[in-house]
Amino acid sequence: MADTLAADIKLIVFQLKDKEYAIPVNHVQGIEKVEHITRVPRTEKFIKGVINLRGVITPIIDLRSRFGIEEENFTDSTRVIIVSVNDLEVGFIVDLANDVIDIPVDSIEPPPEVVGVKEVEYINGVAKIGKRLLILIDLEMILDTESFSSSRSEG
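If you're matching positions, the sequence shown starts at 1 in the UniProt record's numbering and goes up one per residue.
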């Protein structure tokens, strides 16, 4: 029983602007360099389009745009993290995929209550690891298909 209390969670850490974010590694299918993205008309601004990843058409979401962070041109360190949640596979464009780490589950705190910050609705919690502050993102909220389809079906 004590083992479950002190369990570790394995996370992929990535960067957007000057902050570090993390997602559970069990949702990550791979990390790719940015390839040609085919734009899809009438989709949300943060949906950059689709890529053909080993024969699978995969939607690509720019997390900077999704979080309301100013967009920048892609660099050599820009990566696409392929994630799978509820049978939906998508790619997240991130500035840099930093590393894979194990953190104790009890080091995760609930998200801070911050007024006027758009990304807060996509946060599961915050982990303090030494001097690092990792923002754990809520994949289901980012991939909330309700918010995609309701705005796409208008007009």
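In this text, a Cβ means the ideal position worked out from N, Cα and C, and glycines have one as well. For clarity, every value in this text was computed on a predicted model and none was experimentally measured.
Assign residue i to buried or exposed, taking buried as 16 or more other Cβ atoms, counted over all protein chains shown, within 10 Å of its Cβ.
i	result
Ala2	Residue placement at Ala2 is flagged as unreliable, the pLDDT there being 45, under the threshold of 50; a coordinate-derived value is accordingly withheld.
Lys10	exposed
Leu133	exposed
If you check the beta carbons only, do residue i and residue j fall under 7 Å apart?
i	j	result
Ile37	Ile57	no
Asp8	Asp138	no
Ile12	Val100	yes
Can you tell me whether residue i is helix, strand or coil according to DSSP?
i	result
Leu139	helix
Arg79	strand
Val25	helix
Glu121	helix
Val34	coil
Val40	coil
Arg54	coil
Asp106	helix
Among the options, which residue has its Cα nearest to the Cα of residue i?
i	options	result
Ile142	Pro112, Pro41, Gly68	Gly68
Ile108	Arg54, Ile135, Leu88, Val100	Ile135
Counting only beta-carbon separations shorter than 7 Å, does residue i have a partner in chain C?
i	result
Thr43	Absent from the structure: chain C. Only one protein chain is present.
| task | Flag this pair as touching only if the region 119 to 133 and the region 29 to 44 have three or more C-beta atom pairs under 8 Å; answer yes or no. | result | With contact defined as three or more Cβ pairs closer than 8 Å, the region 119 to 133 and the region 29 to 44 are not in contact.
| For the 8 Å Cβ check, are there 3 or more pairs between the region 81 to 96 and the region 120 to 135? | Too few Cβ pairs lie closer than 8 Å, so no.
| request: Determine contact between the region 85 to 94 and the region 62 to 76, defined as no fewer than three beta-carbon pairs at a distance below 8 Å. | output: Yes: at least three Cβ pairs fall under 8 Å.
| task | Decide if the region 13 to 29 is in contact with the region 41 to 49; the criterion is three or more beta carbon pairs, one per stretch, under 8 Å apart. | result | Pairwise C-beta distances place the region 13 to 29 out of contact with the region 41 to 49, as fewer than three of them are shorter than 8 Å.
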